[in-house]
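Novice:
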Amino acid sequence: HTATRARRMTPRRVFALPRQQSLFLPAVLNPFVQEVKLAKADIIKCVFRGIFLVPIRAIFLTLVLMVTWPVAVITTFLHPLKGAVAPMTGWRRFMCRRVMAFLGRSYYFFMGFRVVVKGQQVSSAEAPILAVAPHSTFFDGIVCIVAGLPSTVSRTENLATPIFGRFVRCLQPVLVSRQDPDSRKNTIMEIDSRAKSGGRWPQILVFPEGTCTNRSCLITFKQGAFIPGVPVQPVVMRYPNRLDTVTWTWQGFSSRTLLLLTLSQLYTNVEIEFLPPVTPTEEEKKRPVLFARTVRNVMAQALGVPVTDHTYEDCRLMISAGELTLPMEAGLVEFTKISQKLDLKWDNVKKELEGFAAVACSCKGGRINIQEFASFLKLPISPALQELFALFDRDGDGTIDFREYVIGVTILCRPANTEEVLRTAFQLFDTDEDQRITHEEFSSMLRSALGVCDLNVSKLFKEIDTDSSEFITFSEFQAFALNHPEYAKLFTTYLELQRYQALQGVESELSSTNHVSSEDNQEESISDKKDD
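According to the working numbering, the sequence shown holds residues -11 to 520 in order.
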């Protein structure tokens, strides 16, 4: 029934205008949401088990921390704060790779984690970088313990955190500073330097997705770890549990709730699989984005999940959508694909989101139907407007979401906003050719174009007539069109319709002429036969 209603709501295409078909919908629409519905039986079990397990586990975890912190202090005593002068050697390295790793395993053991390790981890000399995916929870830190405490990428501020800061220093992290404008460049240089040290430094462990997902797919990998052009060992993670109490996404259970639910389970399964190292080709060394895609495809194949072009910027757009009173998922556009194919920066897409919110904030589900589209344009529904709406509505469901809106405005509307198109449109409105459009000329042209006799365009006219002079100059007309590119495309669509209808009329006349001519010839033939 829903599909039938959607088909009924979809405007009828008057004729087919060419459109770009390369921006397909992703295999997973929203990898940043996890909705776990707990059955009553599960809730009861969690409560009763939690009453006993949580306090006991909390005691053991506290004891492990009390032992781990002094060990971390001893290991990092008199070692350079930034840990980037030289790698730890001798007893310090032994303390990190053996003692601290053992205590880390004990910590996760008392939390109830049962770890299964598959594959073989190679040495730092063979693969200086470990790429771990999918990144879905704060519990993913267990891979760092299993891998023998390799280096990570961490913020400088984390070193000053009480207790936790000492643990971070044991990892000899590559540090990122918010205050340093060259931090990103320096971080990449440091990763490159360590990766090419010939095994002197520990391996560098990264989560190339850069944010948490629901493990239904692999999103775009950030390029930082792939810029050095050295072999990378992929590491995939799985949580094969009946009840998912670990996934921490932008929409779902809070971290505190997940921690309590996990501690209330008898055990939590986690699988960590080390895949064979991937060595980049010469082309991939020059283009890190290709190398990142290759590694991602290898990992996706091992996991049996699709890949999408979502990225952390989609999360930022989700937050912005929520701030604009839209559903958070309305901001998802597959930023990597949109930015590359349409040459858009994050700020451009954010601006389009604000424009979309002006139309869709009163709509259910953050989607626009044709009535709301017409209301936004302050115009009635006409063949030209129906055609424009159908061009925006890429999946034909009778509504326009934000992704379709961005594609439509960028591909359809902005290219139509040329000086030539705007001059032609202005001249059509300016019937007396006095270089200005009066209210009467404006309403007369729109009534003719839209086929509506009692059309009221006063609101639209006043919006264009910014100086309230009772007429529209070309500069006002142009400024309005640049800020509202939908009107330029609506105008060009109207012209296409006029040409289409004219061609249809010519074809109809030719068909009628040929039909009459055929009848005349037939009559003459019959007449000749009668004469014979």
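Even for Gly, the Cβ is constructed at its ideal location relative to N, Cα and C.
Just so it is clear, the structure is predicted and the values come from calculations on it, not from any experiment.
Near glutamine 359, which residues of its chain fall below 8 Å by C-beta distance, leaving aside the five closest residues on each side in sequence?
Specialist: Same-chain partners within the cutoff: Ile369.
Novice: Looking only at DSSP bridge pairs, what is lysine 106 linked to?
Specialist: Lysine 106 is bridged to Glu261.
Novice: Going by the CB atoms, is the gap between threonine 296 and methionine 207 shorter than 8 Å?
Specialist: One detail in the question is off: residue 207 reads as isoleucine in this sequence, not methionine. A contact, by the Cβ cut-off of 8 Å.
Novice: Pair every Cβ in the stretch 224 to 235 with every Cβ in the stretch 187 to 199, then say whether three or more of these pairs are closer than 8 Å.
Specialist: No contact exists between the stretch 224 to 235 and the stretch 187 to 199.
Novice: Nearest-angstrom Cα distance between glutamate 259 and aspartate 302?
Specialist: Their Cα atoms are separated by approximately 28 Å.
Novice: From this set, Val134, Gln160 and Ala135, which residue's C-alpha is nearest asparagine 146's C-alpha?
Specialist: Ranking Val134, Gln160 and Ala135 by Cα distance to asparagine 146 puts Gln160 first.
Novice: Which whole-angstrom value is the C-beta distance of glutamine 211 and proline 116, which I expect to be below 8 Å?
Specialist: Not really, about 16 Å apart at Cβ, beyond 8 Å.
Novice: Taking contact to mean 3 or more Cβ pairs, one atom from each stretch, closer than 8 Å, check whether the stretch 162 to 171 and the stretch 100 to 109 are in contact.
Specialist: Touching, no.
Novice: Helix, strand or coil: how does DSSP classify isoleucine 388 here?
Specialist: DSSP places isoleucine 388 in strand when its eight states are reduced to three.
Novice: Between which two residues does the alpha helix (DSSP H) carrying valine 55 extend?
Specialist: Counting along the chain, the alpha helix (DSSP H) containing valine 55 begins and ends at 28 to 64.
Novice: Can the beta-carbon of leucine 248 be found closer than 8 Å to that of valine 42?
Specialist: Result yes, Cβ atoms of leucine 248 and valine 42 sit closer than 8 Å.
Novice: Secondary structure at serine 457, three-state DSSP: helix, strand or coil?
Specialist: Reduced to three states, the DSSP call for serine 457 is coil.
Novice: With a threshold of 8 Å, are at least 3 pairs of Cβ atoms found where one atom belongs to the stretch 421 to 432 and the other to the stretch 448 to 464?
Specialist: Yes, the stretch 421 to 432 is in contact with the stretch 448 to 464.
Novice: Along the chain, where does the alpha helix (DSSP H) that runs through glutamine 167 open and close?
Specialist: Where glutamine 167 is concerned, there is no enclosing alpha helix (DSSP H), given that its DSSP letter is neither H nor E.
Novice: Measure the C-alpha to C-alpha separation of threonine 299 and phenylalanine 209 and round it to an integer number of angstroms.
Specialist: Taking the straight line joining both Cα atoms gives about 8 Å.
Novice: Buried or exposed, going by whether 16 or more other CB atoms sit within 10 Å of the CB of glutamate 340?
Specialist: With 16 or more Cβ atoms within 10 Å of its Cβ, glutamate 340 is classed as buried.
Novice: Quick check on the burial criterion: 16 or more other C-beta atoms within 10 angstroms. Buried or exposed for phenylalanine 65?
Specialist: Looking at its Cβ environment, which holds fewer than 16 other Cβ atoms inside 10 Å, phenylalanine 65 is exposed.
Novice: Would you kindly work out how many angstroms separate the C-alpha atoms of glycine 136 and leucine 163, rounded to a whole number?
Specialist: Taking the straight line joining both Cα atoms gives about 19 Å.
Novice: Which of helix, strand or coil does DSSP assign to serine 111?
Specialist: Of the three classes helix, strand and coil, the one that applies to serine 111 here is coil, per DSSP.
Novice: Among Thr406, Gln22, Pro19 and Asp389, which residue has its Cα nearest to the Cα of asparagine 357?
Specialist: The residue with the shortest Cα to Cα distance from asparagine 357 is Asp389.
Novice: Quick check for students: name the residue ranges of the beta strand (DSSP E) that lie wholly in the stretch 245 to 309, counting only runs of 3 or more.
Specialist: Counting only runs of 3 or more, we get 256 to 262.
Novice: List the endpoints of the continuous alpha helix (DSSP H) containing valine 224.
Specialist: Segment 220 to 226 is the beta strand (DSSP E) holding valine 224; no alpha helix (DSSP H) there.
Novice: Please list, in chain order, all residues of the same chain as tryptophan 334 whose beta carbon is under 6 Å from its beta carbon, the five residues on each side excluded.
Specialist: Around tryptophan 334: Glu301.
Novice: Do you know how far the Cα of leucine 312 is from the Cα of glutamate 342?
Specialist: Rounded to whole angstroms, glutamate 342 to leucine 312 spans 7 Å at the Cα level.
Novice: Please specify which runs of the beta strand (DSSP E), each continuous and at least 3 residues long, are wholly inside the stretch 120 to 186, giving them in chain order.
Specialist: Runs of the beta strand (DSSP E) inside the stretch 120 to 186: 141 to 143 and 162 to 164.
Novice: I believe tryptophan 236 touches cysteine 200 by the beta-carbon criterion, under 8 Å. Please report the beta-carbon distance rounded to the nearest angstrom.
Specialist: With a Cβ gap of about 5 Å, tryptophan 236 and cysteine 200 count as contacting.
Novice: Is glutamine 374 helix, strand or coil by DSSP?
Specialist: Helix at glutamine 374.
Novice: Is it buried or exposed for proline 58, if we count other Cβ within 10 angstroms and need 16 for buried?
Specialist: By the neighbour-count rule (16 or more Cβ atoms within 10 Å), proline 58 is not buried but exposed.
Novice: Can you give me the C-alpha to C-alpha distance between glutamate 114 and valine 283, rounded to a whole angstrom?
Specialist: When rounded, the distance between both Cα atoms is 16 Å.
Novice: Would you kindly report the start and end of the unbroken alpha helix (DSSP H) that includes isoleucine 452?
Specialist: Unbroken alpha helix (DSSP H) run through isoleucine 452: 446 to 452.
Novice: What number of angstroms, rounded off, separates the C-alpha of methionine 88 from the C-alpha of valine 52?
Specialist: Each residue's Cα considered, the two are about 11 Å apart.
Novice: So is isoleucine 192 buried or exposed if we call it buried at 16+ other beta carbons inside 10 Å?
Specialist: Buried, because 16 or more other Cβ atoms sit within 10 Å of the Cβ of isoleucine 192.
Novice: What three-state label does DSSP hand leucine 379 in the structure shown?
Specialist: Of the three classes helix, strand and coil, the one that applies to leucine 379 here is helix, per DSSP.
Novice: Should glutamine 221 and leucine 367 be called a contact, given that it needs their Cβ atoms to be closer than 8 Å?
Specialist: No, the pair does not count as a contact, with Cβ atoms beyond the cut-off.
Novice: Quick one: give me the first and last residue of the alpha helix (DSSP H) that isoleucine 358 is part of.
Specialist: Residues 358 to 365.
Novice: Check valine 394 in the structure and name its three-state DSSP category.
Specialist: Note: valine 394 maps to helix in three-state DSSP.
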